[in-house]
Amino acid sequence: MFPHADKPSTTPPAPVQTQSDEDTIKQVVDPAKTIVAVAALQDVSGGVGFEACNDQGEPPYRGRLEMGFRIPDDIEPKKYFEQIAETMVAQGNGWYDGPPPGKNPFGTVIHTDTVFAVIGQNPVAREDGYVHIFGECRNMADHKDGASVNVTDRLVSGS
6 MFPHADKPST
16 TPPAPVQTQS
26 DEDTIKQVVD
36 PAKTIVAVAA
46 LQDVSGGVGF
56 EACNDQGEPP
66 YRGRLEMGFR
76 IPDDIEPKKY
86 FEQIAETMVA
96 QGNGWYDGPP
106 PGKNPFGTVI
116 HTDTVFAVIG
126 QNPVAREDGY
136 VHIFGECRNM
146 ADHKDGASVN
156 VTDRLVSGS
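Here the sequence shown is numbered in our numbering, starting from 6 and rising by one per residue.
Pasting the structure below:
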């Protein structure tokens, strides 16, 4: 992967391809829909917004989807989250176990080449779980005052 790691590269890095707002949202909604369908999550709700990729709250931004679901009564939550992750990885749709390189989030984590998902238990409503999906930092629009948009209908519909 790094053929000449000991030698500085003379080739400048390729420019980052920016994303439109709709592409940024789609980047996190589509994987969430797949998780809902493949893992057969129940009582799903979710919202999506933009998150700054720096401490100043300035571009670039990434999509951040927060989705809740009901944990079945007959299984221990941590085991259920592990089953969701294992199911997604086993599907062979580009999901990998664990966080992407350089990330160390808390919880059960899976990732693709473009997003990562953190699966855990709601700390207040303990009968509920959550999936947070984080996209790439490629949206250069100003979203300092952006609010979350409810996307529950997109998560549970077939389209």
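Glycine included, C-beta positions come from ideal geometry on N, C-alpha and C.
Only a predicted model underlies this, so the values are computations on that prediction, with no experimental measurement involved.
Residue range 47-57 is occupied by the beta strand (DSSP E) that includes D48. Comparing C-alpha distances from D147 to each of V114, A57, Y85, P128 shows the shortest one belongs to A57. Straight across, the Cα-Cα distance linking A95 with T39 is about 13 angstroms. R131 carries a coil assignment under DSSP once its states are collapsed to helix, strand and coil. Within a 10 Å sphere around the beta-carbon of G134 sit 16 or more other beta-carbons, which makes this residue buried. Per DSSP, reduced to three states, the secondary structure at T157 is helical. Rounded to the nearest whole angstrom, the C-alpha separation of I89 and V161 is 17 angstroms. F86 and F74 have their alpha carbons spaced roughly 11 angstroms apart.
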